[in-house]
Amino acid sequence: MKELPEKILEKVGKYAESKKFSDYKKQKLIDVVTQGYNQGLVCKGDAMGLIAAQSIGEPGTQLTLRTKHYAGSQEVSVGSGIQRLSEIVDARSFSKHPQMTVYLNKEIIKTKKDAQKFCNNLVYVTADDIGEFQEDFYNRNVVYKIDEQKVEDLFLDKEEIITLIFDSIDGLYTSKRFSGKKTQINFLFDKNTPLYDIRKAIIKWKKIPVSGCKKIEETILSEKENEYVILTKGSNLKEVLKYEEIDSYRTVTNDLAETYKILGVEAARHAVVKYFLQVFEENGIAIDNRHAYLLADLMTSNGLLQGVVRTGITGAKKSPFARASFEETTKHLLNAALNREREELNGIVENIIVGQPINSGTGIVKLTLDPKGFEKMVKAKKKMEEKNK
Amino acid sequence: MTKNTKKTKVYVNGSLIGFHDDPEKLKKEFMIKRRDGTIDPQINFSYFKDTKEIFINTDSGRIQRPLIIVENGKPKLTEENIAQIKEGKIDWHDLIVKGIVEYIDAEEEENIYVALEEADLTPEHTHLEISGTAIFSFVTAMIPFIEHNLAGKALHGAKQYKQGIGLPVANYNLRMDTELHVLYYPQIPLVKTRVDDIIKIEKRPLVQNAVVAIMPYEGFNIIDAYVFNKGSVDRAFGRSSYYRAYKTLERRYPSGQTDKFTIPTEDCIGHKGEEDYKNLDETGIVNIESFIDKGGVIVGKTSPPRFVEEVSDFGVVSEERRDTSECIKKHLHGYVDRLFITEMTDGTKLAKIKIRTPLIPETGDKFSSHHAQKGVIGAVVPEEDMPFTSSGMKPDIILGPHSIPSRMTLGQLLESVAGKAVSLTGEQIDGTAYYNDKEYVFKQLEEFGFRYDGKEVFYSGKTGEKIEMPIFVGPLAYQRLNTHLAINKIQARDKGPVQLLTRQPTEGKQKEGGQKFGEMEGEALVSHGTAMTLYEKLMDSSDEIFLLFCEDCGIPATNDKIRNKKFCPICKGENISYIKTSYGFKVLLYELISMGIFPKILIGDKID
């Protein structure tokens, strides 16, 4: 019998304390729990990976195929169902709906206004977003006009912004100057400048960053348990972590590859478990956490985040037959032959192909009878019986 | 474009051809010309005032339906016209040419105002519906009380109506159809519709009226199964004949040889045995009305050998003919119904044999009412075990109650109640959609002392006890569905044919195959840890083989039976062992070898 793990032992102790059990009674309780615990353990030879796969796969058939859109809710839309699940299990490097949950530093941001301002500042804004380039090709002049309303909505300083844009635009034009109470910038071009070049330059100027964090398209401020949380559409963990206003311990992204890249493999493992279980939870399906743990452990066991695909952990299997039975059969067989690989016949598929009892379940017991030894045993038993008589 | 905004655009078949100043006038003139026959009645004209567009459609693929034209609140179809039609003086075509009825397509329908009944007509109406039932197709409108069902059920019911076995042709005895089903004793339905009369379905009926009780019966009628009364089945309820014609001919070969209709002699290759040819007469063709067992011979035939053999030393060609007799399908038995022997234009002899298989309703056969309540027989119960009413009446069919509420086929219940009234009064009731009178039905039932809702007190057939709840019972038109008969589907095997390449059991009923034990089934066994069951399923029950292997080279070895010697083809060594493996694996090994890969088998533990 295996002893109880500390955590369960602690729980049992607490329960016994609350009921004021005697030591004898407490020991009895521990015995019962130990027995139950041991019955719940997997036996040697149980195909736990396959059981996990079946336990995930069967409820997975009930997941929705398409993304759900929740109209009017204060949530940034996240892919759910099969799509998101395959994204997680395959460990894709680009998430279809990247999203961040940004927690704020309470010491710096105290009021809702502060939070809203920071929230709006986080959005990536370019010159094109807050203004307009008006082209007059006949006179070879271009006017950049700032939209004051938009600037105000973003809690930005108008003067500061237009100076920033003024400073960062350079090349090609002959002169630039402010106009219209410093809400416009006028550019004059040489009469011989090709129109194509002017248009090209404007396209380039449109992309001048004004404020915010790259890749973050939208932000929503919401209130969660007496604190302000920013939900973002688009994810850029590396840049967001540089801000002082955020709580860098709790700010997360739902992009697994980004999590792995910035926070490391342990964080990636946690993320796999979290978002994997989240998909099932959202669809109201209950699966045991341990199946997700097993999958996440397998995906991160060699220090990398690898998906269950032919370029990931399935392709990294040692056995050539196991690889060949998954995808690209001929390629794996040929390469196995070229590299003089040896099939150890340890897995399940391999033994089924070769036609041998599989190496799991009851097949894990290897018993062969030595006829000579058996004869000796029978003789010895007979002798014993005679002696007893 | 701007200057034409006040004009109306005119499109023909979707392409803009011009503009018109006075669209109302154009419409009026078009209508007059179409109604007097100058313009084809199948051309449609639709005018949209708000977008200033006129669409004229003449192309194919538009669905049209006829409507009676209304002018000044009065339909153009008069009593006089109806009388003329009844006398046979005018017909449908005249109605269209005279401008009484016109065809409307989906686009023109947008801007017309149709009255459902003549009583509803106002001066604003432009058209009158010919009949409320006309919104249904012919088949759908044949279902009584259809307007009480879900729309989807009407569709399903119509689909199943077409699959029913009835009396498709009256001269089925003379015909040689490849496949034909004929129902024994088809009946006229108790509750009819007007469409029944129009298409004269009563001359080729495809239903039988069965007394249906809605109650559970020991779980034999769960999930849309039926419990059938053995007594009714013995009285030929639901019984039908299946006719199938087989064709064979005396082929001529380029070498001048021919096939021959004869009883094959024992020296033929593939001779089946005397017993199999017992029904054949001396010409090699079966005797009429003889019983043929499953897969039995109906025409004895021999063919010349495939390859012309060389002349032997004595100048005699030894001809070994093959037995190529025509057999019936492996799962069917039957009686020879009709023979048909003739010659084709080139003088080849042709024989067609029609086999009749009586199909008695059995467990698994599919039946259906007209309200999309299809199901299979779950049990055929002896008549003495069926529940009965105080008058001793026993139902023919017991239908599970769960098939009603979720499908909401109230039409079926109404048909049942109406059927009951018909069997009391002896007069057919009209169940046409929108033109039926269910209050009359209830009244009739009450007059005869029955509950108006069709329920009756029943007694258990096994114990004789009264069943506490009253049971809904009444006659319904039932039909047997020609596809999905149990006899065509049932199959089992133990040993049997294997595939040539892999020596694994074949797949499918045609090839007497086994049940597939697939990947997911195998995984289920693995996760249960039953390794030996899996091993048995994939090896002993499939393609196990003992292969000789050279222990030094690791490749399949040779067994020379003549010299009684086992040796390795490469090293010529005799260090050989048997390995139990699957034939599929052997195929894999040889395929790898053919690719130029040398798979070496390393032999571990040995068991003597």
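Just so you know, the protein sequences line up as chains A and B, in that order. For the first sequence, my numbering begins at 27 and goes up steadily by one. For the second sequence, my numbering begins at 33 and goes up steadily by one. Here a beta-carbon is modelled for each residue, glycine too, at the ideal position from N, C-alpha and C. Computed from a predicted model, the values in this text were never measured in an experiment.
| Check | Outcome |
| --- | --- |
| Considering only residues of the region 27–87 of chain A, which uninterrupted alpha helix (DSSP H) runs meet the minimum length of 4 residues and lie entirely inside it, listed in chain order? | 32–45, 49–66 and 74–86 |
| Do B:E375 and B:K384 come within 8 Å of each other at the CB atom, strictly closer than that value? | no |
| For the region 136–154 of chain A and the region 234–241 of chain A, state whether three or more C-beta atom pairs, one from each stretch, are separated by less than 8 Å. | yes |
| For B:K426, is the classification buried or exposed, using 16 other Cβ atoms within 10 angstroms of its Cβ as the cut-off for buried? | buried |
| B:L160 by DSSP, collapsed to three states: which one? | strand |
| Can you give me the start and stop residues for the alpha helix (DSSP H) that B:Y193 sits inside? | A183 to Y193 |
| Grab me the residues of B:K39's own chain with a C-beta within less than 7 Å of its C-beta, minus the 5 sequence neighbours each way, in chain order. | F51, H52 and D53 |
| List the endpoints of the continuous beta strand (DSSP E) containing A:L148. | Note, A:L148: premise wrong, no beta strand (DSSP E); alpha helix (DSSP H) at K138 to L148. |
| Go to B:H52, then tell me how far its beta strand (DSSP E) extends in each direction, as first and last residue. | S47 to H52 |
| Count the other CB atoms within 10 Å of the CB of B:T34; is the residue buried (16 or more) or exposed (fewer)? | Low per-residue confidence applies at B:T34: pLDDT is 44, beneath 50, and the placement is therefore not dependable, though the value from the model is reported in the following sentence. Classification for B:T34: exposed. |
| With DSSP run on the structure shown, which of helix, strand or coil describes B:D428? | coil |
| Does any residue of chain A have a CB that is nearer than 8 Å to the CB of B:G586? | no |
| Are the Cβ atoms of B:P390 and B:S264 separated by less than 8 Å? | no |
| Below 7 Å on C-beta distance, what does B:Y567 contact in chain A? | P383 |
| When the cut-off is 8 Å and only beta carbons count, does B:G25 lie next to chain A? | Residue 25 of chain B lies beyond the residue range present for chain B, which begins at 33 and ends at 640; the question has no answer from this structure. |
| Please name the residue, chosen from B:F482, B:Y467, B:G605 and B:E553, that lies closest to B:V454 on a Cα-to-Cα basis. | B:F482 |
| With 8 Å as the threshold, decide whether the Cβ of A:T388 is near any Cβ in chain B. | yes |
| Answer yes or no: does any C-beta atom of chain A fall closer than 8 Å to that of B:A563? | yes |
| From the DSSP output, read off the bridge partner residues of B:D355. | B:T334 |
| Going along the region 54–84 of chain A in order, which residues come within less than 7 Å of chain B, judged by CB to CB distance? | G71, D72, A73, L76, I77 and Q80 |
| What alpha helix (DSSP H) runs, 4 residues minimum, are completely inside the region 92–150 of chain B? | 111–119 and 124–129 |
| Hey, is B:S626's beta-carbon within less than 8 Å of any beta-carbon in chain A? | no |
| Is A:V115 close to chain B, meaning its C-beta is less than 8 Å from at least one C-beta of that chain? | no |
| Counting only beta-carbon atoms, is B:E553 nearer than 8 Å to chain A? | no |
| Which runs of the beta strand (DSSP E), 3 residues or longer, sit entirely within the region 182–260 of chain B? | 211–215 and 240–246 |
| Are the region 417–432 of chain B and the region 453–471 of chain B touching, with three or more C-beta to C-beta distances below 8 Å? | no |
| From this set, B:K106, B:Y278, B:K398 and B:K543, which residue's C-alpha is nearest B:L532's C-alpha? | B:K543 |
| Kindly give me the distance between the Cβ atoms of A:N167 and A:N131, rounded to whole angstroms, as I take these residues to be in contact under 8 Å. | No, A:N167 and A:N131 are not in contact; Cβ-Cβ is about 47 Å, not under 8 Å. |
| The region 364–379 of chain A: which residues have C-beta closer than 7 Å to a C-beta of chain B, in chain order? | I374, I378 and I379 |
| By how many angstroms is the C-alpha of A:P85 removed from the C-alpha of A:N309? | 10 Å |
| Closest to B:R618 by C-alpha separation, out of B:I608, B:S609 and B:P631, would be which residue? | Note that residue 618 of chain B is Lys in the sequence shown, not Arg. Among B:I608, B:S609 and B:P631, the Cα nearest to that of B:K618 belongs to B:P631. |
| Any idea what DSSP makes of A:V102, helix, strand or coil? | Annotation note: pLDDT 49 at A:V102 (below 50); position unreliable, no value reported. |
| Between the Cα of A:D173 and the Cα atoms of A:Q160, A:N165 and A:Y164, which residue gives the shortest distance? | A:Q160 |
| Using three-state DSSP, classify B:V489 as helix, strand or coil. | coil |
| If you pair each beta-carbon of the region 382–391 of chain A with each one of the region 557–571 of chain B, do three or more pairs fall below 8 Å? | yes |
| Can the beta-carbon of B:P98 be found less than 8 Å from the beta-carbon of B:Y79? | no |
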